[in-house]
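**Q** Just so you know, the numbering used here puts 60 at position 59 of the sequence shown, and the rest follows in order with no gaps. Yeah, the Cβ is synthetic: ideal placement off N, Cα and C, and Gly gets one too.
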Amino acid sequence: MSTPVKMNLEAGKKYYYCTCSKSADGVLCDGAHKGTDFIPSIFTVEESKDYYLCRCKKSKNAPFCDGSHTVN
Ligand code: FES
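1) I'd like to know if the segment 56-63 and the segment 7-14 are in contact, where contact means that at least 3 CB-CB pairs between them fall below 8 Å.
2) Considering just the uninterrupted stretch of the beta strand (DSSP E) at Phe44, what are its terminal residues?
3) Using CA coordinates, which residue listed in Ala12, Gly13 and Asp31 is at the minimum distance from Cys21?
4) Curious, which full-length beta strand (DSSP E) runs of at least 3 residues does the segment 9-61 contain?
5) Could you name the residues of the same chain whose beta carbon sits closer than 7 Å to that of Ala12, not counting the 5 residues immediately before and after it, in chain order?
The structure is reproduced here in structure tokens:
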């Protein structure tokens with residue numbers, strides 16, 4: 002099971018969410034998608050605070066965890 006990663010995100014800053022599952026932390030793009038058809042998903046947040054980011058890639062509210070990692 003891939004649990005979410007708690008990350009402090011800054012309001013207005015661009016983040017690149019990994020969609021290929023190959024990045025080292027499984028959450029933010031680190032370029033490991035090169036050679037695949039995947040591209041990162043750009044997102045921002047409106048409030049600077051801690052967020053739980055999806056690593057299982059099942060969330061319907063990606064990049065944020067919606068609890069789907071607990072469903073079999
Ligand atoms: S490393 Fe996964 S999308 Fe870039």
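**A** Inspection of the coordinates gives the following:
1) The segment 7-14 and the segment 56-63 do not touch, with fewer than three beta-carbon pairs separated by less than 8 Å.
2) By one-based count along the sequence shown, residue 44 stands at place 43. Per DSSP, Phe44 belongs to the beta strand (DSSP E) from Ser42 to Phe44.
3) Walking along the sequence shown from the start, residue 21 turns up at place 20. If we check each option's Cα against that of Cys21, Asp31 comes out closest.
4) Runs found: 16-18, 42-44 and 50-54.
5) As a working note, residue 12 is residue 11 in the sequence shown. Non-local C-beta neighbours of Ala12 in its own chain, meaning closer than 7 Å and more than five positions away in sequence, comprise Val46, Glu47, Glu48 and Ser49, ordered along the chain.
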